[in-house]
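As structure tokens, the structure follows; a few thoughts come after it.
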Amino acid sequence: TGVAMMKFKSPPVNSLSLEFLTEFSISLEKLENNRACRGVIITSAVPKIFSSGLDITEMCGKSVEHYTEFWRAVQEMWLRLYGSNMVTVAAVNGSSPAGGCLVALSCDYRIMAENPKFSIGLNEAQLGIVAPFWFKDTFVNVVGHRIAERSLQLGSLHPAPEAHKLGLVDELVPEEKLMEKAAAVMAQWLALPDHARQLTKTMMRKAVLDRLVAHREEDIKNFITFVSKESIQKSLRMYMEMLKKRK
Amino acid sequence: TGVAMMKFKSPPVNSLSLEFLTEFSISLEKLENNRACRGVIITSAVPKIFSSGLDITEMCGKSVEHYTEFWRAVQEMWLRLYGSNMVTVAAVNGSSPAGGCLVALSCDYRIMAENPKFSIGLNEAQLGIVAPFWFKDTFVNVVGHRIAERSLQLGSLHPAPEAHKLGLVDELVPEEKLMEKAAAVMAQWLALPDHARQLTKTMMRKAVLDRLVAHREEDIKNFITFVSKESIQKSLRMYMEMLKKRK
Amino acid sequence: TGVAMMKFKSPPVNSLSLEFLTEFSISLEKLENNRACRGVIITSAVPKIFSSGLDITEMCGKSVEHYTEFWRAVQEMWLRLYGSNMVTVAAVNGSSPAGGCLVALSCDYRIMAENPKFSIGLNEAQLGIVAPFWFKDTFVNVVGHRIAERSLQLGSLHPAPEAHKLGLVDELVPEEKLMEKAAAVMAQWLALPDHARQLTKTMMRKAVLDRLVAHREEDIKNFITFVSKESIQKSLRMYMEMLKKRK
Numbered sequence: 001t002g003v004a005m006m007k008f009k010s011p012p013v014n015s016l017s018l019e020f021l022t023e024f025s026i027s028l029e030k031l032e033n034n035r036a037c038r039g040v041i042i043t044s045a046v047p048k049i050f051s052s053g054l055d056i057t058e059m060c061g062k063s064v065e066h067y068t069e070f071w072r073a074v075q076e077m078w079l080r081l082y083g084s085n086m087v088t089v090a091a092v093n094g095s096s097p098a099g100g101c102l103v104a105l106s107c108d109y110r111i112m113a114e115n116p117k118f119s120i121g122l123n124e125a126q127l128g129i130v131a132p133f134w135f136k137d138t139f140v141n142v143v144g145h146r147i148a149e150r151s152l153q154l155g156s157l158h159p160a161p162e163a164h165k166l167g168l169v170d171e172l173v174p175e176e177k178l179m180e181k182a183a184a185v186m187a188q189w190l191a192l193p194d195h196a197r198q199l200t201k202t203m204m205r206k207a208v209l210d211r212l213v214a215h216r217e218e219d220i221k222n223f224i225t226f227v228s229k230e231s232i233q234k235s236l237r238m239y240m241e242m243l244k245k246r247k
Numbered sequence: 248t249g250v251a252m253m254k255f256k257s258p259p260v261n262s263l264s265l266e267f268l269t270e271f272s273i274s275l276e277k278l279e280n281n282r283a284c285r286g287v288i289i290t291s292a293v294p295k296i297f298s299s300g301l302d303i304t305e306m307c308g309k310s311v312e313h314y315t316e317f318w319r320a321v322q323e324m325w326l327r328l329y330g331s332n333m334v335t336v337a338a339v340n341g342s343s344p345a346g347g348c349l350v351a352l353s354c355d356y357r358i359m360a361e362n363p364k365f366s367i368g369l370n371e372a373q374l375g376i377v378a379p380f381w382f383k384d385t386f387v388n389v390v391g392h393r394i395a396e397r398s399l400q401l402g403s404l405h406p407a408p409e410a411h412k413l414g415l416v417d418e419l420v421p422e423e424k425l426m427e428k429a430a431a432v433m434a435q436w437l438a439l440p441d442h443a444r445q446l447t448k449t450m451m452r453k454a455v456l457d458r459l460v461a462h463r464e465e466d467i468k469n470f471i472t473f474v475s476k477e478s479i480q481k482s483l484r485m486y487m488e489m490l491k492k493r494k
Numbered sequence: 495t496g497v498a499m500m501k502f503k504s505p506p507v508n509s510l511s512l513e514f515l516t517e518f519s520i521s522l523e524k525l526e527n528n529r530a531c532r533g534v535i536i537t538s539a540v541p542k543i544f545s546s547g548l549d550i551t552e553m554c555g556k557s558v559e560h561y562t563e564f565w566r567a568v569q570e571m572w573l574r575l576y577g578s579n580m581v582t583v584a585a586v587n588g589s590s591p592a593g594g595c596l597v598a599l600s601c602d603y604r605i606m607a608e609n610p611k612f613s614i615g616l617n618e619a620q621l622g623i624v625a626p627f628w629f630k631d632t633f634v635n636v637v638g639h640r641i642a643e644r645s646l647q648l649g650s651l652h653p654a655p656e657a658h659k660l661g662l663v664d665e666l667v668p669e670e671k672l673m674e675k676a677a678a679v680m681a682q683w684l685a686l687p688d689h690a691r692q693l694t695k696t697m698m699r700k701a702v703l704d705r706l707v708a709h710r711e712e713d714i715k716n717f718i719t720f721v722s723k724e725s726i727q728k729s730l731r732m733y734m735e736m737l738k739k740r741k
């Protein structure tokens, strides 16, 4: 049918580790270069979680070289996904904080299971960190400046119904109907001639993509400076302790 | 009363041909220079259609000189209408795809007949073509980035109620009340002192107008390159055949 | 509690005079430099009015030097408030036209008394004047381009329920619950770590702040040229007469 299905399966919470990001980017690249593939549905094979976002262990107590490699992999994933020529549909079948939310925001369409226990948002501020400017740009392009400003400052995780009301996701469906709906939406988008649709997508997203490309090394440096601070290392360690205890 | 009425009357579907666009721009220029005229209501004298958009026969099998002249006329119409000092109200009394939608989007206020059979949208992608960047900019200024991105990629034609919900039109009224309502809205806008209103309008629209002015020749070249492609000529010819058969 | 309360008390209508603006900026600066202060709630001690906006007597029949000093004070107030590192909550307990609306728009969150007799908006166009570009930028960041374009051109004063619907204010509460609600909202925002929240706020607002900083002297010159026109002086005098008679 020309549609690929990508199922995140990295238990317990689909953290975006360096390895995960690298595989994700390679998979996207392969699909992109496969002329038979016109669209990809992204979902999770792990119950209750779409993706928990960037893997904090990659940011804790590692070398500058490691931070550089990790951050470049995060950028690479986003550049490929946000700039993909394929139709990209996120079937958000669980919670999706921070980097997980970025993955969903980077798709062309977001369908979420209508379970109010599932939440989504760029909650970086809650952890004492700041979402990078291109996370913010992607968010503003979806929900507008005002909603983004408030949500980013509060580090809000929006339960599915609220996320839908804010425009963060396009549609809610019962969880058992999620894949069926994703396939139907994909079919609707694939009914369009590829070339015109792709050029239109590029026209809409190019300014924001170009901005990261132009500031990529600077963005890596910022990340390293930030993550190397003792205060940040401390709060990340505390956060990891908390996560461990929660289990 | 200082209000002009402009009724599109080029049956069967008010296509924006070179001749139509030239007359439209000249009429706008005359009204603009007429100090007695402070506002213009734009509507259609053809039942069920506001305007079907750019005349495809102007883009099929013509010379580069013709394409150049045609595209410059499209630009000229938009620069005059979007940048008009007059209050411009679109009374959308029929369907309004592509260039017809652009005309409505370029006005200060859009009232549409609340007939769900009438639809409006920038549906270029459906025909395998891409809306120019200034169509997109005008659209984004009305409905915001997210709605524009989805609608342009899908080449959506929104039925009147949906168009209203998305903010593409400001108000729906029963068809028989359309002109009455347009006159009332015009009176409300004309209650403001012209000078302050005009400067405010310029402040809101200048960035987008300037962008086309700065890239006008480049935009013409892009159009010619695009329309000269055999694949595009083929799909435009097929589209015209389909339209003929439909009649 | 780390929260300051700022109550405008300059009867009869909390006009933003040169003196008022200077005191306002100094107070903001003091709070900003006070490490114990993390947030400020701005409200009015004058019944039925939050602030009536810029004091027109400062713009009538004064010297170029006075106009310069006055306009610089308006800019200064906005630069401090819109760029504040503190959490800023506007408790809008009365009408808030023009500059009063700007004060509310510059805060992080706006709660308004749900009294339909109270209205808010950038109504400059009604007085024959044009809102400066940075008033417009602040407005667009809150309500988006389309709503701002229409509201600014019409010089609309939106009754509280309409202002809420448009997103101009975030929440309506009964007047007697206003301060309680403001305190609750403040507590919610202060639950976030200051540093991440502040950097996020800067990321969202810097482009618009930088634009005034880059054009500050030009903006002062524009104001002086504008306010020195005999036609503008005349309409401001007429407006003041009207206000006097209304009393």
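Protein chains in written order, with this note's numbering: chain A, 1 to 247; chain B, 248 to 494; chain C, 495 to 741.
By construction, the Cβ of each residue, glycine as well, lies at the ideal position given by its N, Cα and C atoms.
Which one of the options has the shortest CA to CA distance from residue i?
| i | options | result |
| --- | --- | --- |
| P653/C | T696/C, N609/C, K695/C and V534/C | N609/C |
| W683/C | S96/A, V87/A, R150/A and S95/A | R150/A |
| M697/C | Y82/A, Q153/A and T57/A | Q153/A |
| P440/B | G622/C, R691/C and V534/C | G622/C |
| F50/A | M112/A, G155/A and I147/A | M112/A |
| L515/C | K671/C, T694/C, F720/C and G593/C | G593/C |
| L525/C | N579/C, D549/C and A585/C | N579/C |
| N14/A | R80/A, G94/A and T1/A | G94/A |
| K7/A | I26/A, A45/A and A187/A | A45/A |
| A498/C | S519/C, V581/C and E559/C | V581/C |
| D384/B | K728/C, E735/C, H639/C and E656/C | H639/C |
| T495/C | F627/C, P591/C and A678/C | A678/C |
| P505/C | S546/C, N527/C and S521/C | S546/C |
| A195/B | P655/C, V667/C and A625/C | No answer is possible for residue 195/B: it lies beyond the span of chain B, which begins at 248 and ends at 494. |
| A337/B | E409/B, S264/B, M426/B and R319/B | M426/B |
| K117/A | V227/A, P47/A and E19/A | P47/A |
Residue i touches chain A at which residues, Cβ-Cβ below 7 Å?
| i | result |
| --- | --- |
| K695/C | Q153 |
| I358/B | Result: empty, since nearest Cβ-Cβ is about 25 Å, beyond 7 Å. |
| G661/C | R146 |
Tell me the DSSP bridge mates of residue i?
| i | result |
| --- | --- |
| T516/C | Paired residues: none, contrary to the question. |
| E171/A | I111/A |
| F8/A | S44/A |
| G94/A | K48/A |
| G615/C | P591/C |
| G308/B | According to DSSP, G308/B bridges with nothing at all. |
| V583/C | I535/C and Y603/C |
| G53/A | S15/A |
What are the start and end residues of the beta strand (DSSP E) that includes residue i?
| i | result |
| --- | --- |
| S291/B | G286 to S291 |
I'd like the span of the alpha helix (DSSP H) that includes residue i, first residue to last.
| i | result |
| --- | --- |
| I714/C | R710 to V721 |
| M485/B | E477 to R493 |
| S645/C | H639 to L648 |
| R80/A | V64 to Y82 |
| A434/B | L425 to L437 |
| L413/B | A407 to L413 |
So with CB distances below 8 Å, who are the chain A contacts of residue i?
| i | result |
| --- | --- |
| I376/B | A196 |
| A454/B | Neighbours of A454/B on chain A: none; closest Cβ ~13 Å, over 8 Å. |
Taking Cβ-Cβ distances shorter than 9 Å, what residues in chain B pair up with residue i?
| i | result |
| --- | --- |
| L190/A | Within chain B, no residue comes near L190/A; the closest Cβ sits about 11 Å away, beyond 9 Å. |
| F627/C | M450 |
Please compile the residues from chain C whose C-beta is within a distance smaller than 8 Å of the C-beta of residue i.
| i | result |
| --- | --- |
| N388/B | H639, R640 and E643 |
| M451/B | K630, H639, A642, E643, L646 and Q647 |
| P363/B | The contacting residues do not exist; P363/B stays about 23 Å from chain C at best. |
Could you list which residues in chain B have their beta carbon closer than 7 Å to that of residue i, in chain order?
| i | result |
| --- | --- |
| D137/A | Near D137/A there are no residues of chain B at all, since even the closest Cβ is about 10 Å away, more than 7 Å. |
For a contact defined as C-beta to C-beta under 9 Å, what are the partners of residue i on chain C?
| i | result |
| --- | --- |
| M333/B | Neighbours of M333/B on chain C: none; closest Cβ ~12 Å, over 9 Å. |
| D355/B | E643, R644 and Q647 |
Could you name the residues of chain C that residue i contacts, counting a contact when the two beta carbons are closer than 7 Å?
| i | result |
| --- | --- |
| P259/B | Here the premise fails: no neighbours, minimum Cβ distance about 32 Å. |
Quick one: list the residues of chain A neighbouring residue i, beta-carbon separation under 9 Å, in chain order.
| i | result |
| --- | --- |
| A372/B | L192, P193, A196, R197, L199 and T200 |
Legend entry - the segment 562 to 582 of chain C touching the segment 595 to 602 of chain C, judged by at least three CB pairs closer than 8 Å: These segments touch.
Legend entry - At least 3 beta-carbon pairs within less than 8 Å: the segment 201 to 216 of chain A vs the segment 129 to 149 of chain A: In short, these stretches touch, since the Cβ pair count reaches three.
Inset, instruction - Inspect the CB distances between the segment 275 to 290 of chain B and the segment 301 to 319 of chain B and report whether three or more fall short of 8 Å. - result: In this structure the segment 275 to 290 of chain B does not lie against the segment 301 to 319 of chain B, because fewer than three pairs of beta carbons, one per stretch, are closer than 8 Å.
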